[in-house]
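In the numbering used here, each number is its position in the sequence shown, counted from 1, plus 154.
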Amino acid sequence: AGNNEVTIDSSIDGEMLAKREAVLKIAEKEKLK
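Set out below in structure tokens:
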């Protein structure tokens, strides 16, 4: 069960990073306008 918990945590971290990157990309596009 321990390994599954680690996998879930890492996948959540990955989603958070992906969302953060998407927000940063959108912000960059807004600056270029």
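The C-beta atom is built at its ideal place from N, Cα and C for all residues, glycine as well.
Margin query: Tell me whether Ala181, by its Cβ, gets closer than 7 Å to a heavy atom of the ligand SAM.
Written below: Ligands displayed in this structure: none; no statement on the ligand SAM is therefore possible.
Margin query: If you reduce the DSSP assignment to three classes, tell me which class Lys187 lands in.
Written below: Within the sequence shown, the letter at position 33 stands for residue 187. Shown here, Lys187 sits in coil according to DSSP, grouped into three states, outside any helix or strand.
Check: Can you tell me the Cα-Cα spacing of Leu186 and Ala172, whole angstroms?
Finding: Here residue 186 is taken as the residue at index 32 of the sequence shown, counted from 1. Here residue 172 is taken as the residue at index 18 of the sequence shown, counted from 1. The straight-line gap from Cα to Cα measures roughly 21 Å.
Check: Leaving out the 5 sequence neighbours to the left and right, which residues in its chain are closer than 8 Å to Glu175 when beta-carbon positions are compared?
Finding: Here residue 175 is taken as the residue at index 21 of the sequence shown, counted from 1. The same chain holds no residue with a CB closer than 8 Å to that of Glu175 once the five nearest residues on each side in sequence are set aside.
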